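Protein sequences appear in the order of chains A and B.
Counted the way the working numbering counts, the first sequence spans residues 4 to 985.
Counted the way the working numbering counts, the second sequence spans residues 4 to 985.
There are 2 protein chains.
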Amino acid sequence: MPKQAIKDEAIKDAVVGSQYLAGTGESTQFDHHQVLQESDDLIRALFFSIVKETTGTEFFQSLKDVYDLSEKFHETQAQSDFDALTTKLGSLTNEETMMLASAFSNVLNLHNVSEHVASAMEERHARLDDIPRGPAKTTNGAIKGLVAKGISKEAIYKAITEQEVDLVLTAHPTQALRRSMLKNFGTVRQKLLDLQRARLSGYERAELLDSMASAIQSAWRTDEIRRTPPKPQDEMRAGLSYFNETVFEGLPKFCRRIDSALINQGLPRIPMEHSIMRFSSWMGGDRDGNPFVTATCTRDVVYLARITAVNLYFKAIQDLIFSLSMWRCTDAFRERARLLHERESAEHVYEMRKQRNYADFWRSLPMEEPYRVVLAEVRDKLYNTREALQAVIMGKAEALDPADDSIFRDKNQLLEPLMACHQSLIEVGDGTVADGSLLDLIRQVNCFGLSLVKLDIRQESDRHADAVDAITRHIGLGSYNDWDEEKKTEWLVSELKSKRPLVASDLECTDDVREVLDTFKMIAHLQEVCPGSLGTYVISMATVASDVLAVVLLQREMGGKMDQLLRVAPLFERLDDLNEGPNQLRRLFSIPWYHELIDGHQEVMIGYSDSGKDAGRMAAAWALYEGQENATKVADEFGVKLTLFHGRGGTVGRGGGPSHLAILSQPPATINGRLRVTVQGEVIEQNFGEHENCFHTLDLYTAATLEHSLAPPLAPSDEWRGAMATMSEVSCERYREIVFKTPEFNPYFLQATPGQELGALNIGSRPAKRKSNAGVTALRAIPWIFAWTQSRFHLPVWLGIAEGFQRVKEQGKLETLREMYRTWPFFRVTMDLIEMVLAKADPTVARLYEKELVEEQYHAFGEQLRKALRSTVDIVLEVTEHPDLLTSQTTNGGQGSINTLKDKLAMRSIYLTPLNIIQVENLKRLRDIEDGKVDTKGYVPVMPWAKQMLSLHVSKDYYHAAVSDTLIITMKGIAAGMQNTG
Amino acid sequence: MPKQAIKDEAIKDAVVGSQYLAGTGESTQFDHHQVLQESDDLIRALFFSIVKETTGTEFFQSLKDVYDLSEKFHETQAQSDFDALTTKLGSLTNEETMMLASAFSNVLNLHNVSEHVASAMEERHARLDDIPRGPAKTTNGAIKGLVAKGISKEAIYKAITEQEVDLVLTAHPTQALRRSMLKNFGTVRQKLLDLQRARLSGYERAELLDSMASAIQSAWRTDEIRRTPPKPQDEMRAGLSYFNETVFEGLPKFCRRIDSALINQGLPRIPMEHSIMRFSSWMGGDRDGNPFVTATCTRDVVYLARITAVNLYFKAIQDLIFSLSMWRCTDAFRERARLLHERESAEHVYEMRKQRNYADFWRSLPMEEPYRVVLAEVRDKLYNTREALQAVIMGKAEALDPADDSIFRDKNQLLEPLMACHQSLIEVGDGTVADGSLLDLIRQVNCFGLSLVKLDIRQESDRHADAVDAITRHIGLGSYNDWDEEKKTEWLVSELKSKRPLVASDLECTDDVREVLDTFKMIAHLQEVCPGSLGTYVISMATVASDVLAVVLLQREMGGKMDQLLRVAPLFERLDDLNEGPNQLRRLFSIPWYHELIDGHQEVMIGYSDSGKDAGRMAAAWALYEGQENATKVADEFGVKLTLFHGRGGTVGRGGGPSHLAILSQPPATINGRLRVTVQGEVIEQNFGEHENCFHTLDLYTAATLEHSLAPPLAPSDEWRGAMATMSEVSCERYREIVFKTPEFNPYFLQATPGQELGALNIGSRPAKRKSNAGVTALRAIPWIFAWTQSRFHLPVWLGIAEGFQRVKEQGKLETLREMYRTWPFFRVTMDLIEMVLAKADPTVARLYEKELVEEQYHAFGEQLRKALRSTVDIVLEVTEHPDLLTSQTTNGGQGSINTLKDKLAMRSIYLTPLNIIQVENLKRLRDIEDGKVDTKGYVPVMPWAKQMLSLHVSKDYYHAAVSDTLIITMKGIAAGMQNTG
C-alpha cells in the first residue's frame with residue numbers, strides 16, 4: 004500500500020510494525036500489556052519528534068540522555084545509575100531543566116492517555132468476547148450475578164427501579180490540567196482509539212497521526228501554568244460541558260442497555276418516568292472558604308445550567324420534529340393538535356418563526372403532521388424559555404416572570420406533550436418509533452429536568468452562627484454565640500414555631516453576615532422561580548444539632564416557604580464530630596417539629612478528607628465505617644430514611660481507588676438503594692470525558708449500588724471488630740504521636756516536602772490555607788496529603804499501621820487478620836489501597852529529598868520513618884500473604900489486572916524520577932532565594948526562547964521565575980504521574 | 004456470544020449468516036454483488052417484518068404473494084407468470100392496492116439505499132487496497148494518470164491551482180422524496196455502513212438493527228404524498244442543510260487530500276488563498292416560471308445563507324479558540340493582540356460576553372494567550388454580524404448598516420486575522436498547528452466567503468423585453484417589442500452609453516413588470532450591502548443579443564453601479580437558439596461598449612432539457628457539442644474567455660449519467676479549467692448526502708476537469724463529423740416526423756403514458772405547465788421525459804436513432820461508427836447512455852399500458868413503435884459490438900462495473916413491474932372517473948386504517964382519493980426505481 008510518507012523512522016516502525024496500531028481493523032485476541040506498550044511507544048515517538056523539531060537537537064539530545072539514564076536506573080535499581088541521573092540533571096541550565104520538567108510532565112500525561120486507551124480497549128474486548136471479570140462492573144453482570152445467587156428477579160427489578168444514585172460533580176482545588184490541555188489530550192486519546200477500531204486506508208491513518216501530532220504539539224506549546232485563577236462560573240462551565248458532550252446522550256443509551264439486560268431476564272424495562280440516575284453539582288454552590296461564590300454567582304450558575312438544559316432539549320426536539328413525520332395518531336391527540344393549529348393564524352406563526360430563524364419548519368405545520376404541530380409548539384416554548392432565562396442573565400429582567408405561560412417552568416410542563424406523543428404513537432401501532440429517540444428524550448427530561456443538575460449549597464456552620472448572632476444582638480437578646488448548645492436549640496425551635504419575623508430591614512451586620520443572608524434570600528427566590536434547580540444545603544464543619552436548625556431558621560426567615568425549604572445535610576468532617584454525629588442526629592430527630600419537617604428523610608454527608616488528616620488512614624476508615632452504622636441505627640429508631648452522602652476524593656490519597664469496590668465495602672444496610680457521591684475534578688474528565696467511559700461510569704455505579712442492596716457484604720464479627728478497634732486505636736495513637744507530638748516531625752515535614760510551597764500553585768478558585776499559621780494543623784487535608792505524594796513517601800497513608808497490626812499479632816490473631824483480608828470486603832479494600840500506595844512509595848526518592856533538603860539533625864528521624872515504612876511493607880505482606888507488593892501467590896501466566904498495575908507503575912516511574920530530582924533541586928534553590936542566599940541578578944537565560952517564556956511569570960527577575968515555574972511544573976507532572984486511571 | 008434475541012427468523016439469518024453484515028469488522032476481500040445481495044436481504048427482511056407487524060398478516064400475505072409472483076416472472080419472463088401477477092393485483096381492493104404500491108415504493112427506495120451502500124463500500128475498498136479503476140475518479144488517480152502520460156508536474160500544478168469548478172445547486176421540480184423520508188433513508192444508509200465497518204458487540208449490533216427498524220418504520224408510516232407545495236425558502240433551507248452537514252467540513256478535508264496527492268508528486272500544496280471549488284445556488288434566485296420567487300424572497304435567501312455561513316464560522320472559531328492556547332507569537336502579532344486587549348476594559352468585555360452567553364471564554368482573555376485574544380474578537384464580530392443579519396430578516400432593520408464596523412461585511416475582513424494567526428504560528432515554529440484546523444478554516448472562508456453560496460438570478464427573456472417595452476411606451480418612444488432586433492440593439496447600446504435615466508418614479512406598468520424592476524433594484528441593493536452573495540444573471544429562453552443588453556440596461560437603470568453589475572449569461576435552450584447562439588455572441592462582442600464591459604469574460608449557459616424535447620437525444624447531443632465548439636471559437640476571436648455553464652439534469656432522461664465521463668466527453672478546449680455545472684434535486688442528496696460521497700463528488704469533478712484540460716479528448720475527424728451530421732439530421736427528421744407530424748402520436752402519448760396526470764404531482768415549487776394547452780408542445784421538457792419513463796418505454800431517448808444509424812450504415816460506414824464508439828469519448832458516452840436506457844426499457848410493460856389504456860385504433864401505431872425499439876436495440880448492439888445490452892464481449896470472471904448494473908436493474912424490476920401494473924389499472928380508473936363512467940359513491944373502504952388515510956386527500960370522496968393517491972405513489976416509486984445511483 005502506498006506509504007503515506009511517515010517522515011521520521013521512530014514513528015514509522017511504531018505504527019507499521021505494531022500489531023494494534025497499524026490500522027488493520029480491530030484484532031480478535033487482545034493483550035493489554037502489548038496495547039499499552041505500543042501506544043506508549045507511538046506517543047513517545049511522536050512527542051520526541053515534535054520536541055526535536057521545536058527545540059532543536061541539542062536539547063533533544065539531553066532529553067534522550069535523561070530518558071535513557073532513567074530507563075537504565077529502573078532496570079538495575081543500582082545507586083550508581085541513580086547518581087548518574089542526578090549528576091546529568093544537575094549539569095543542565097535553569098531553562099533546560101524547566102523545559103525538561105515540562106517535557107516529562109507532558110510525557111506523563113500522554114502516558115496516562117495510553118493507559119487510559121489500553122484499559123478502554125480491554126473493556127471493549129471484554130464486552131465483545133463477553134469475558135466475565137471479577138465482581139461485575141456492569142449492571143448486566145451484576146444482574147446475572149444476583150440471579151446466579153438465587154435472588155428473585157422481582158427483587159432485582161424492584162431494587163433497580165427504586166434505587167436513587169446521585170452523582171455530585173464538584174470542582175477540585177487541584178485540578179491540575181488546564182482545560183485546553185485536557186482538550187488536547189482528549190483529542191490524542193480519541194485518535195489513538197480510532198487507530199485501533201476500524202480498517203484504515205493509508206490516508207486515514209496518516210490523517211490520524213497528523214492530528215495526533217497537532218494536538219500533542221498544541222499541548223506541548225501551551226503554557227502549563229495557569230496564570231489567572233478560574234472563577235466559579237468558569238468551573239461551572241467546565242462542568243456543564245461534560246453534559247453537552249457525553250452525559251446528556253450517554254444516559255438514555257445507558258438506560259437502553261439496562262432495558263435489554265432486564266429484558267434478557269424476562270423482566271420489563273425501566274418505567275419511563277423513573278430516572279435511575281441523577282446529577283447534582285457544587286460548582287457555584289459551594290461557598291465554603293470560597294468568597295467568590297456569592298448569591299448572584301449562584302443565581303447565574305442556576306440560570307446558566309437551565310439555559311444549557313434548554314439548548315440541549317431544543318436540539319433534541321428539532322431532530323424529533325424531523326423524524327415524527329407520520330400522520331397517524333389517536334383522536335385525543337388529533338384534537339390537541341387541532342386546537343394548537345387553530346390557535347394561531349398561519350402568517351402569525353410564519354412571521355414569528357421566521358424571526359427566530361429556526362433551522363427548519365418555520366412555517367406553521369399542517370394538521371396532517373400532528374406530532375410536528377405539537378412538537379413545534381414545544382420548540383417555540385423552549386425558545387421562549389431560553390429568551391426569558393437569557394434576559395435575566397443579561398440583566399434585562401430582574402427575574403423570570405411567574406405569570407408568563409409561554410415558557411416552561413418545571414419539567415412536567417415539558418414532559419406532558421412528550422408523553423402524549425409517546426402514548427399516541429403506541430396506540431396507533433408505532434411503538435418502535437415511540438421507543439426510539441422519543442423515549443430517549445423522555446428519559447433525559449426525567450433525569451435532567453429543566454435544571455440539568457441540582458445545585459447543592461455548602462457553607463461552614465460558623466457563618467450561620469455568626470448570622471444568627473448578629474440577629475439576636477440586634478434585637479437585644481444578647482449574643483447567640485455565647486449561649487450553650489441547650490439554649491440554642493430551645494430558642495431555635497421556639498422561633499421556628501413562631502410566626503413572628505426576626506430580621507428587620509435596618510439590621511446592622513458585617514459584610515460576611517450580609518452575604519450569608521443574601522444567599523438565603525436568593526435560595527428562597529430561586530426555589531420560587533426555578534423549581535428543581537437546587538438540591539441539598541450542606542453544612543461543612545457540622546458538629547451539633549443547632550447547626551442544622553440554624554440553617555432551617557435562616558431559610559425561613561429570609562423568605563423560604565415551608566414547602567420549598569432545601570433539605571439540610573450536616574457534614575461531619577472531624578473524627579470527633581464523626582463519632583459524635585449519631586448523637587446529634589438523635590437530638591435532632593427527637594425534636595417533634597423537626598422530625599415532622601423532614602417527613603422521614605434525612606441526608607448526612609460524611610467526608611473523608613479531614614478525618615484522615617488527624618487520625619491516620621486506618622482509624623479514619625474504621626471510624627467512618629462505624630459512623631455510618633450508628634447513624635443508620637439512629638435513623639431507623641426514628642423511622643427516618645437516611646441517605647448517606649459520600650464526599651470521595653480524586654487521587655487515592657483521599658480515599659480514591661476503584662469506586663465500585665468502594666461502594667461494596669460500605670457497611671451493609673447503610674445504602675439500601677440511596678447513594679449520593681461526589682465526583683471531583685479530573686475524575687470528572689476520566690469518568691465522563693468521552694462516551695465510552697461515561698457509559699462505564701454509570702454502569703459501574705448502578706451495578707455496585709444494586710449489588711450492595713441485594714447482596715450486602717457480610718457484617719463484621721465481634722472478633723473482627725475487636726481487631727479493628729485495636730488497630731485503629733493503636734495506629735491512631737502512633738500517628739498522632741509522630742505527627743503532633745514528635746518535635747522533629749514538623750521541621751522534617753516542612754523541609755522534606757514541598758508542603759509550604761504549595762500555595763503558589765493557584766489551582767482552583769479556592770484559597771489553599773484555612774486561617775493562617777504555618778504547620779500541620781493549618782493545612783487543609785488536600786495540600787497535606789498532596790505534599791507527601793510529591794516526595795513519593797505517602798506517609799499519611801501508612802503511618803501507624805504497622806504498630807496496629809503488630810499489636811493484633813501479639814494477641815495471636817494474625818490468622819484472624821488474614822481471614823479478614825480474604826473474606827471481608829471492607830478490610831480487603833482498605834488493605835489493597837494501602838498496599839497499592841506502598842507500591843508507589845519510593846524510599847530512594849524520599850531519601851533524596853532528605854539528603855538535599857533536610858538539616859543533618861533530622862536525618863536520624865528520617866531514617867526512623869523509612870524503617871517504619873519497611874516494617875509496614877513486611878507486615879502488610881504478612882497479612883495479605885502476598886509474596887510481594889501487588890502480586891498474589893497464584894501466578895496464572897500473564898493474565899489478570901493486578902500485576903499490570905505493577906508494571907504500569909514501573910513504566911511511569913521512568914518519567915517520575917527525573918521530575919523528583921528536578922523538584923528537589925529547585926526546592927533547594929527556591930528556599931535559598933527566600934533565605935536570600937543567592938543573588939538572582941546573576942542569572943541570564945541564554946536560550947532564545949527562554950527569555951520570553953520566563954516573562955510570562957509575574958515577578959520579573961528571571962532566576963526566581965525559572966525556579967518557581969519549574970517547581971510548579973514538577974508538581975503538576977508528579978501529580979499526573981500518581982493518579983491511577985480506571 | 005449472547006444472542007441479543009433478534010426476534011424473527013428472516014432478520015436473524017440475514018444478519019448472522021451474512022458475510023458482511025454480521026458485525027465482525029471490515030473484511031479484506033470484497034464482492035460487490037454479495038454486499039448488495041446481503042444488504043438487500045436484510046433490509047427486505049426488516050421491512051417485511053415491520054409491514055407484518057403494522058398491517059397484520061392478511062395484507063402481509065398478499066404482499067408476499069405479489070413479491071413471489073413478480074420474482075418468478077423475472078426468472079421465467081413467461082407471459083403466463085406475468086398474467087398471474089396482473090390477475091393477483093387486479094383482485095385486490097383499492098386500499099390494498101394503495102398500500103401495496105406504497106410498500107413497493109418504500110422497498111425500491113430501500114433497495115436504492117443498499118445499492119448506494121454497496122458502491123460506497125466498493126469505493127472504500129478500492130481506496131483501501133488501492134485498486135486502479137478505469138479513468139481515474141480521484142484527483143490522485145488523475146494526477147498519476149497525467150504524470151504517466153508524460154505531462155509535466157508544473158503543468159499539472161498550474162492547472163489544478165488555476166481551475167475554477169463551480170457547482171450550482173438547483174431545486175428540482177421532481178424532487179420526489181420528502182425531506183423527512185430522505186432523512187430516514189439516510190439513517191438506514193448510515194447504519195448499514197456502520198454494520199460493515201468495525202467489529203461490533205452483540206449490543207451494538209442489536210442497537211444498529213433497532214434504529215434501522217425505527218427509521219424504516221418512520222418512513223413507512225409517513226405520508227409519502229406532499230400535501231402542500233414547498234416554498235422557495237424551504238428549498239433553500241434544504242439546500243443549505245447540505246452545507247451544514249457535509250460540504251462545509253468536506254471541503255477542507257478534500258483539499259487536504261489533494262495536498263498529499265501533490266506532495267506525493269513532490270509538488271507544493273494548494274496555495275491557501277486559492278479555492279479549488281466554489282458553490283452557487285439557484286434556490287430562491289431562479290424566478291423562471293416561479294412566481295413565488297420575488298425580490299424579497301431573494302433577499303431573504305441571501306441573508307439566510309449569510310446567517311448560515313456565520314453560524315458555521317462561529318462554531319469553527321469557537322473550537323479554534325480552544326486549541327490555539329499557546330503563548331508564543333511574533334512581535335507584530337503580539338502588538339496586535341495588545342491593542343485589542345487594551346481597547347476594552349475587562350469588565351466591559353466581561354459584561355458584553357456574559358450577555359451573549361458564549362459557550363466558553365466569556366472573560367476577556369489574558370495577553371499570554373495572544374491567539375485567543377485575536378480570535379475572541381473575531382468571534383465577537385461574527386456574533387455582531389449574525390445579530391445584524393437577523394435584524395434585517397426579522398424586519399427590525401431595513402438593511403445592513405454600511406457604516407457599522409463591528410461586523411464583517413466581506414470575506415477579506417474575516418480572512419485577515421486568520422492569516423495573521425497562521426503566519427505568526429509558522430514563524431514561531433508552530434507550523435503543524437497552523438496547518439491543522441486553522442488552515443481548514445482559512446480554506447473554508449476562501450471557498451464559501453460570507454455568503455456560503457453565490458446566488459444566481461434566472462429569468463425569462465420575455466419578462467425583460469416587457470419591462471423595457473413598458474418603459475419605452477411610457478416615455479413615448481413607442482413599443483419596444485415592435486422594433487426589429489437591429490433597432491433594439493442600437494437603442495439599447497445608445498442608452499447604455501448615455502447617462503440619462505429612463506425610469507421615472509411615476510411609471511405605470513403591470514405587476515409583472517413591477518416585479519421585474521423590483522428584482523433589479525434589489526440586485527443593486529444586495530450588491531451594495533452583501534458583496535459576494537450574488538453570482539450570474541442567467542437569461543432563460545435567450546435567443547438574440549438584445550436579450551443580454553436589456554438585462555445590463557435594466558441592472559444599471561435600477562441603481563446598479565458600473566463596477567457592481569452581475570455578469571449576464573444567456574441560456575440557449577432550443578435547438579435553433581443553440582445553433583444561432585454563436586452568431587449572437589459575435590454580435591454582442593462586436594459592440595465595443597459591451598466588449599469593454601465584460602473585460603474579457605463571458606459566461607454562456609447551455610441547457611439540455613428543452614433541446615432534447617424537440618429534436619431527439621442524438622440531434623440534441625450533437626447540436627450541443629458543436630454549439631460549444633462554435634461558441635468557444637467566437638469567444639477566442641474576440642479574445643474573450645468563455646465559461647460554459649452546463650445545466651445537467653437529475654435522472655438520465657435529461658442527460659444524467661456518470662458525470663465525470665460527461666465532463667470528459669465535452670469537446671476539447673471548451674472547458675480549459677473553467678466549469679460551472681448544476682447539481683439538481685436529489686442528485687444533491689446523492690452527491691452530498693453524507694461525508695463519503697460528498698468527498699467523492701468533489702474528487703470526481705476536480706479529477707475530470709483536470710484531465711479534460713491537460714489531456715483533452717481527441718477532436719473528431721471530418722469523417723466522424725459527417726457521420727454525426729448525417730445521424731442527427733436523419734434522427735431529428737424521424738423524431739419530429741413521429742412526434743409532431745404523425746396524427747396518432749399525440750393521442751397515443753396522452754393515453755399510453757401518465758403524461759397529463761403529472762400536474763397532480765405537486766412536486767417542487769414550480770408549476771408544471773408553461774402557458775396552457777394540452778399536448779406535446781405545451782409540456783416542459785421535464786414532465787415530457789418523465790411521462791415516458793413511467794411506462795418504461797423511454798421513447799424520447801431512442802426515437803429516430805435507428806434510422807440515423809441505418810443511413811450511415813447504408814453509406815458503408817458501419818466500421819466508422821464502431822471506431823467512433825471505441826475511441827471517441829463523446830460518442831461512447833452518448834451510446835452508453837442510450838444503451839443503458841434501452842436496457843431499462845421493458846416492452847412487456849409498455850404493451851400493458853397500450854392494451855389497457857389505448858384505444859384499439861392506435862394499437863398498430865404502438866406495435867410500430869415497439870418494432871422501432873427492437874430495431875434500435877439491434878443496431879445499437881451492432882455498433883457497440885456488444886453481444887447483449889450492457890454486456891461487453893470480454894467476460895473477466897465477475898469483476899468490473901458493467902454487468903452489475905445489469906442485475907441491479909434486474910433486482911429493481913421485481914419491484915417495478917407490480918407498480919407499473921398498478922399504475923395502468925389506476926390510470927384507467929382515474930380516466931373513467933373524469934369521463935364520469937363510474938359513480939365513486941359506491942366505494943366504501945373496509946380496512947380500518949383506510950378511511951383515515953384517504954381523508955388526508957383534499958377531495959373527500961374516497962374512491963377518487965384512493966385512485967389518485969395510488970397513482971401518485973406509483974409515480975414516485977417508479978421514479979425512484981429508474982434513477983441510477985453512483
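Think of the CB as a built atom: it goes at the ideal place given N, C-alpha and C, for glycine as much as any other residue.
Predicted, not measured: the structure shown is a model, and the values here were computed from it.
key: Own chain, CB closer than 6 angstroms to G803 of chain A, minus 5 neighbours either side, in chain order   = G619, S734, R737, Y738
query = chain A partners of E329 of chain B, CB-CB under 7 angstroms?
reply = Reading off the sequence, residue 329 of chain B comes out as Met, not Glu. Near M329 of chain B (Cβ distances below 7 angstroms), the residues of chain A are S221, R224, T225.
Chain-ordered chain B contacts of K186 of chain A [CB-CB under 8 angstroms] = F325, S326
message = Once DSSP output is grouped into helix, strand and coil, what is the label at M823 of chain B?
response = The answer is helix: DSSP assigns M823 of chain B an H, G or I state.
task = Report the three-state DSSP secondary structure of F282 of chain A (helix, strand or coil).
result = Residue state, collapsed to three classes: strand.
task = Answer yes if the stretch 754-761 of chain B comes into contact with the stretch 916-932 of chain B, meaning at least three C-beta pairs across the two stretches below 8 angstroms, and no otherwise.
result = Short answer: they touch.
inquiry  = Taking its Cβ as the centre, do 16 or more other Cβ atoms sit within 10 Å of Q898 of chain B, making it buried, or is it exposed?
reply    = Only weak support exists for where Q898 of chain B lies, its pLDDT of 42 falling under 50; the value from the coordinates is given anyway. With fewer than 16 other Cβ atoms inside 10 Å of its own Cβ, Q898 of chain B counts as exposed.
task = Can you give me the start and stop residues for the alpha helix (DSSP H) that Q447 of chain A sits inside?
result = 442-451
query = In chain B, which residues lie less than 9 angstroms from D433 of chain A when you measure between Cβ atoms?
reply = T57, Q220, S221, R224
message = In whole angstroms, give me the CA-to-CA distance for A241 of chain B and Y914 of chain B.
response = Using only the alpha carbons, I get a separation of about 29 angstroms.
ask   = V655 of chain A by DSSP, collapsed to three states: which one?
value = With a pLDDT of 44 at V655 of chain A, under the threshold of 50, the modelled position of that residue is not reliable, and no figure is offered here.
query = Taking Cβ-Cβ distances below 8 angstroms as the criterion, which residues of the stretch 791-815 of chain B are in contact with chain A?
reply = Answer set for the stretch 791-815 of chain B: empty.
request  = Mind listing the chain B neighbours of A216 of chain A? Cutoff is C-beta to C-beta under 8 angstroms, in chain order.
outcome  = T435
Bounding residues of the alpha helix (DSSP H) (the contiguous stretch that carries V879 of chain A) = Per DSSP, V879 of chain A belongs to the alpha helix (DSSP H) from 862-883.
query = For the 8 angstroms Cβ check, are there 3 or more pairs between the stretch 546-565 of chain B and the stretch 428-440 of chain B?
reply = no
ask   = Short check: CB of H552 of chain B to CB of V637 of chain B, under 8 angstroms?
value = Looking at the sequence provided, one finds Leu at residue 552 of chain B rather than His. No; because the gap between Cβ atoms is not below 8 angstroms, this pair is not in contact.
The alpha helix (DSSP H) enclosing A470 of chain B, as first and last residue numbers = 464-477
key: Cβ separation of A104 of chain A and G976 of chain A, assumed to be a contact under 8 angstroms, to the nearest whole Å   = 6 angstroms
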